[in-house]
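The sequence shown begins at 1 in UniProt numbering and counts up one residue at a time. Ideal placement from N, C-alpha and C gives every residue a C-beta, glycine not left out.
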Amino acid sequence: MIIGTAGHIDHGKTSLVKALTGTDTDRLPEEKRRGITLELGFAHLPLPDGQVAGVVDVPGHERFVKAMAAGAGGVDLAVLVVAADEGVMPQTREHLDICRLLGVKAGVVALTKADLLDALGEDWRALVEADLAALTAGTFLEAAPVVPVSSRTGAGLPELKSALGRAGGALPRRPSEGPVFLPVDRAFTIKGFGTVVTGTLLSGALAVDDAVALLPSVAGARPGPFRVRGVQVHGQPVTRVEAGQRAAVNVADVQTEDVHRGMVLTRAGELPETSMLDVELTLLPAAEGPLPKRRKLLLHLGTAQVEATVALLDLDSLAPGETGLAQLRLESPVGALVGQRFILRGSRALPGRGATVAGGRVLSITPPRRRRGASSVVRPLLEADAAGQVAWLLRQAGYSGLTQTELFGRSGLSPKVLTRTLELLGAKGQVLLVDRDRRLYVAQDVFEGLRQRSLALLAAFHEREPMRDGLSREELRQRLSAQLDGRLFQRVVQALVDAGGVEAEKDLVRLKGRGRTLTLGDEAARTRLSAELSAAGLAPPTVTELSQKLGLTPAKLQELLKVLVASGVGVRVSEELCFDAGALEDLRGRLVAYLKDQKEITTQGFKELVGQSRKFTIPLSEYFDREKVTLRVGDKRVLRRG
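In structure tokens:
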């Protein structure tokens, strides 16, 4: 469990953490000098029930609210710190808003400097308590205990620990079977060990010797995967760390200068980096005005801070207090997790910068750029169960499909739940396993769409080229999609054949009963053309000459030549020359025999072998080179081996 402090500057957060844990979380010289926390501080706290909680002490100064947002992203339980002598202050409200937006569900109010209450009087105490009740009304702290405590005298510390233990005992555990997701808040070097990164593990479990990656990748840096050399929790070596624990992870083969706050440590291959997020977004009730359809804001996600264009989906604006769907388009990539909470703050370039504006949760991590009407596409994710989520992801993936590992990272479901869900959807005919080795799945709707497109492409092909016997498999695959997985394509063709509407013969595919169809006139012209090529031998007329001689249009002649080539009667050697296949095969035999005997042949020797002019010998010599019968060496040719 992770406990996070929240509250106004100088209300005693760091002093309270030190009194509870014995750890001074102000670790920077400037923090000591100024007496305020500038960076996140960490400690651990044994609770009365025996569990040990991690404690994140966050800054209260307005300039450092971004660090508070980074710390609160991993907080399970909030301690809202309010000084008895000042009461509720502006940053008290903002910190509570941030905790709400980041999905913190439970907490305790610590009324610090309680040793001053007697001197302040009962009227002041009643006023502070009334302010607290108004502040927490309708929030996760509405019924939370308010514990007076003094870091100076120690009064109230046992009661505060007990209240924290009770509140923490009712919290659900973080998903230790989900994808590994550890937002990095610090990175440093330990002599003899190398790079160490620290953070709160929000999901999954990490063990020594696991292969990990850092997101986003850094240009010029080693891409990984990297090996986990060691793990510590609360300063003690462990073999395994689970979601909800703060950890220090020693990562091998990583340069410390290539790691920075905002990165995410994940298991290698589980999660992609992304520059686009579909989100559910809530505008704070205290926002100055509506959020327009497009606005640049600063996104705080985990420990990352990146400028984002917030694009509302099918809304012209979002009113204060309202919730809607949006897409975040990021200036630079991040690592993100489905269900992860985030906040949005004012952009530096806009008035009111620094103010917390909105927040919400991530719905999908690698979406395409959304257009008008996209809300109907994204909305099913708001209430989707495991089956609905997996089916949605596969429909969105389209022809590419997703492997089971990719589905795991994009859904956040545990491996057992994901496996059961895929089996259930498969039994219902909603998803299809197309590659058992890779565990690649596609949605049945997508598969059916491929079948229908294939039929339409074949029908159009037959109309366009009635003299061709069929469309090659590769040409059909390319027309469907150049990136279409080969095994998926074979499944599509087989399904078409099994349904009885398509015939597949060797490399060709055609609609049943279609293929080469020649009229009586076409058949007669084909016979004349074949006879012309046969009679000409190794000196055939050019395409232009054939068209004139046979009285055929150039387009009709080209169609008939394709028929001859497809049937093996003719061989197209160049754009202008088509040879009789028998004559060409005879020449091939004589050429191979010559080269086996003489080892090489000159251009003149080949001309004499053919018995024709350069008009025919040059295209023929280049043809045999392309066919890998011969290999040109200088001005001679030799028999190609193998």
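Hey, quick one: how far does the alpha helix (DSSP H) through ALA581 stretch, first residue to last? Stepping through the sequence shown from its first residue, residue 581 is reached at position 581. From DSSP, the alpha helix (DSSP H) with ALA581 extends over 581-598.
Which residue wins for smallest C-alpha separation from ARG295, given the options GLY302, ALA304, LEU312? Numbered from its first residue, the sequence shown carries residue 295 at position 295. Among GLY302, ALA304, LEU312, the Cα nearest to that of ARG295 belongs to LEU312.
Buried or exposed, going by whether 16 or more other CB atoms sit within 10 Å of the CB of GLN236? Here residue 236 refers to the residue found at position 236 when the sequence shown is read from its first residue. Label assigned to GLN236: exposed.
With DSSP collapsed to three states, give me the class of ALA555. Counting from 1 along the sequence shown, the entry for residue 555 is found at position 555. Residue state, collapsed to three classes: helix.
Quick test of the definition: if touching needs 3 or more C-beta pairs under 8 Å, does the stretch 354-365 touch the stretch 330-339? yes
Out of VAL249, ALA213, ARG174, THR139, point me to the one whose CA is closest to PHE193's CA. As a first step, residue 193 must be located in the sequence shown, where it is residue number 193. That would be VAL249, whose Cα lies nearest to the Cα of PHE193.
For GLN91, is the classification buried or exposed, using 16 other Cβ atoms within 10 angstroms of its Cβ as the cut-off for buried? Taking the sequence shown and counting its residues from 1, one reaches residue 91 at position 91. Classification for GLN91: buried.
Kindly list the residues whose CB is nearer than 7 Å to the CB of ARG479, restricted to its own chain and excluding five residues on each side of it in sequence; keep chain order. Taking the first residue of the sequence shown as 1, we reach residue 479 at position 479. Excluding residues within five positions, the ones whose Cβ falls inside 7 Å are LEU457.
Please list the terminal residues of the continuous alpha helix (DSSP H) segment that includes ILE618. Position 618 of the sequence shown holds residue 618. That run of the alpha helix (DSSP H) goes 614-626.
Helix, strand or coil: how does DSSP classify GLU159 here? By 1-based counting over the sequence shown, the position of residue 159 is 159. Here GLU159 sits in helix by DSSP.
Rounded to the nearest angstrom, how far is the Cβ of GLY324 from that of ILE343, given a contact under 8 Å? As a working note, residue 324 is residue 324 in the sequence shown. As a working note, residue 343 is residue 343 in the sequence shown. Actually they are not in contact, since the Cβ atoms of GLY324 and ILE343 sit about 16 Å apart, beyond 8 Å.
First and last residue of the uninterrupted alpha helix (DSSP H) at ARG93: Taking the first residue of the sequence shown as position 1, residue 93 is located at position 93. 90-101 is the span of the alpha helix (DSSP H), which, as asked, contains ARG93.
Beta-ladder partner(s) of SER203, from DSSP: As a working note, residue 203 is residue 203 in the sequence shown. Note: SER203 sits in a beta bridge opposite PHE181.
Could you name the residues that DSSP lists as bridge partners for PHE188? Taking the first residue of the sequence shown as position 1, residue 188 is located at position 188. According to DSSP, PHE188 bridges with VAL196.
Kindly indicate which residue of ASP437, LEU418, TYR441 has the alpha-carbon position closest to the one of GLY429. Stepping through the sequence shown from its first residue, residue 429 is reached at position 429. That would be TYR441, whose Cα lies nearest to the Cα of GLY429.
For ALA19, which option in ARG510, ASP57, ILE2 has the closest C-alpha, if you only look at C-alpha atoms? Against the sequence shown, residue 19 aligns to sequence position 19. Among ARG510, ASP57, ILE2, the Cα nearest to that of ALA19 is on ASP57.
Which word fits LEU527, buried or exposed, when buried means at least 16 other C-beta atoms lie within 10 angstroms of its C-beta? Translated into positions along the sequence shown, residue 527 becomes position 527. Going by the sequence as given, residue 527 is Thr instead of Leu. It counts as exposed.
Tell me the rounded alpha-carbon separation between GLY71 and THR303. On the sequence shown, residue 71 is found 71 positions in, with the first residue counted as 1. On the sequence shown, residue 303 is found 303 positions in, with the first residue counted as 1. Because the pLDDT at GLY71 is just 49, under 50, the model does not fix this residue reliably, and the value given afterwards should be weighed accordingly. One C-alpha to the other measures close to 7 Å.
Looking only at its own chain, which residues have a Cβ that is under 6 Å from the Cβ of GLN253, when we skip the five neighbours before and after it? Position 253 of the sequence shown holds residue 253. Looking at the sequence provided, one finds Asp at residue 253 rather than Gln. Only PHE226 meet the Cβ criterion.
With H, G and I counted as helix, E and B as strand and the rest as coil, what does DSSP make of GLN340? Position 340 of the sequence shown, counted from the start, is the residue given in the question as residue 340. Coil, per DSSP.
Tell me which residues share the same chain as GLY500 and place their Cβ nearer than 8 Å to its Cβ, disregarding the 5 neighbours each side in the sequence. Here residue 500 corresponds to residue number 500 of the sequence shown, with the count starting at 1. Result list for GLY500: LYS512, in chain order.
Quick one: complete beta strand (DSSP E) runs, 3+ long, within the stretch 105-139? 106-112
Locate the beta strand (DSSP E) running through ASP435, then write down its first and last residues. Stepping through the sequence shown from its first residue, residue 435 is reached at position 435. It spans 431-435 - the beta strand (DSSP E) in which ASP435 sits, taken as one unbroken run.
Rounded to whole angstroms, what is the Cα-Cα separation between ILE9 and LEU80? The sequence position of residue 9 within the sequence shown is 9, counting from 1. The sequence position of residue 80 within the sequence shown is 80, counting from 1. The straight-line gap from Cα to Cα measures roughly 12 Å.
Kindly identify the DSSP beta-bridge partner or partners of THR419. The sequence position of residue 419 within the sequence shown is 419, counting from 1. Beta-bridge pairing links THR419 to no other residue.
Is it true that the CB of GLU159 sits closer than 8 Å to the CB of VAL147? Here residue 147 is taken as the residue at index 147 of the sequence shown, counted from 1. Here residue 159 is taken as the residue at index 159 of the sequence shown, counted from 1. It is a contact, given that the beta carbons lie within the stated cut-off.
Does DSSP put ILE36 in a helix, in a strand, or in coil? Stepping through the sequence shown from its first residue, residue 36 is reached at position 36. With a pLDDT of 40 at ILE36, under the threshold of 50, the modelled position of that residue is not reliable, and the figure given next carries that caveat. Of the three classes helix, strand and coil, the one that applies to ILE36 here is coil, per DSSP.
Helix, strand or coil, according to DSSP, for LYS636 in the structure here? Along the sequence shown, one-based indexing puts residue 636 at 636. Here LYS636 sits in strand by DSSP.
For the stretch 110-124 against the stretch 380-387, are there 3 or more C-beta pairs whose distance is under 8 Å? no
For GLN396, does the count of other Cβ atoms within 10 angstroms reach 16, so buried, or fall short, so exposed? Along the sequence shown, read from residue 1 onward, the residue named residue 396 stands at position 396. So GLN396 counts as buried.
Distance check for GLN604 and LYS596, CA to CA, integer angstroms please. The residue you call residue 596 lines up with position 596 of the sequence shown. The residue you call residue 604 lines up with position 604 of the sequence shown. Rounded to the nearest angstrom, the two C-alpha atoms are 18 Å apart.
Would you check if the stretch 131-142 and the stretch 184-198 touch, i.e. whether three or more CB-CB distances between them fall below 8 Å? no
Exposure label - ASP49; buried when at least 16 CB within 10 Å: Your numbering for residue 49 matches position 49 in the sequence shown. Classification for ASP49: exposed.
Would you check if the stretch 563-578 and the stretch 541-555 touch, i.e. whether three or more CB-CB distances between them fall below 8 Å? yes
8 Å CB neighbourhood of GLN444 in its chain, flanking five on each side removed: For the purposes of this step, residue 444 is identified with residue 444 of the sequence shown, where counting begins at 1. Result list for GLN444: GLY429, GLN430, VAL431, LEU432, in chain order.
Might you give, ordered along the chain, the residues of its own chain that have their beta carbon closer than 7 Å to the beta carbon of ARG632, omitting 5 neighbours on each side? Residue mapping note: residue 632 aligns to position 632 of the sequence shown, counting from 1. Excluding sequence neighbours, ARG632 sits near ASP625.
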